[in-house]
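Have a look at the structure below, then the notes.
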Ligand SMILES: CC(C)(COP(=O)(O)OP(=O)(O)OC[C@H]1O[C@@H](n2cnc3c(N)ncnc32)[C@H](O)[C@@H]1OP(=O)(O)O)[C@@H](O)C(=O)NCCC(=O)NCCS
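Residue numbers (my numbering): 47 to 160.
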């Protein structure tokens with residue numbers, strides 16, 4: 047599926063932020079398919095809270111809309127409170143929380159022959 051990276055440039059060649067987006071066939075809480083998905087979003091610390099993040103997401107949303115999407119989705123770590131607040135300020139609503147699990151797989155058992 048399609049993907050894009052939008053960068054914010056300050057002066058000549060000084061990159062200060064990016065938004066990475068792609069299309070997903072489905073996303074939690076969404077009612078349409080495909081949906082635009084914000085895979086990555088970053089702004090240099092010294093330039094945060096100046097509107098760059100909003101502009102980057104707006105460009106990612108325009109990209110998804112141009113590809114026929116009606117919804118945009120994203121995620122954030124549970125502990126990343128500032129990202130959650132920024133998402134909400136941009137009009138995103140929380141739809142789901144997920145707990146991840148893992149375990150080591152034990153070595154394969156030998157098959158017993160009878
Ligand atoms: C999340 C991030 C990209 C936001 O970028 P930004 O340039 O600061 O965002 P903006 O200045 O465009 O702010 C967008 C809106 O979010 C709000 N916002 C941003 N950071 C916020 C914070 N820490 N607390 C509360 N609101 C916040 C702004 O007030 C603004 O809303 P407004 O226009 O109504 O005032 C930036 O904080 C960042 O790079 N964080 C570290 C990486 C990260 O966590 N990325 C997200 C991974 S899910």
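Beta carbons are placed, not taken as given, at the ideal position from N, Cα and C, and that holds for glycine.
Taken atom to atom, the span from the alpha-carbon of residue 77 to that of residue 154 is near 41 Å. For residue 109, DSSP assigns no beta-bridge partner whatsoever. Placement of the Cβ of residue 100 at a distance of less than 7 Å from at least one heavy atom of ligand 1 is found.
Using a C-beta cut-off of 8 Å, the stretch 92 to 109 makes contact with the stretch 49 to 69, since at least three inter-stretch Cβ pairs fall below that distance. A Cβ-Cβ separation of about 18 Å leaves residue 63 out of contact with residue 83 under the 8 Å criterion. Going by DSSP, residue 131 is part of the alpha helix (DSSP H) stretching over 127 to 135.
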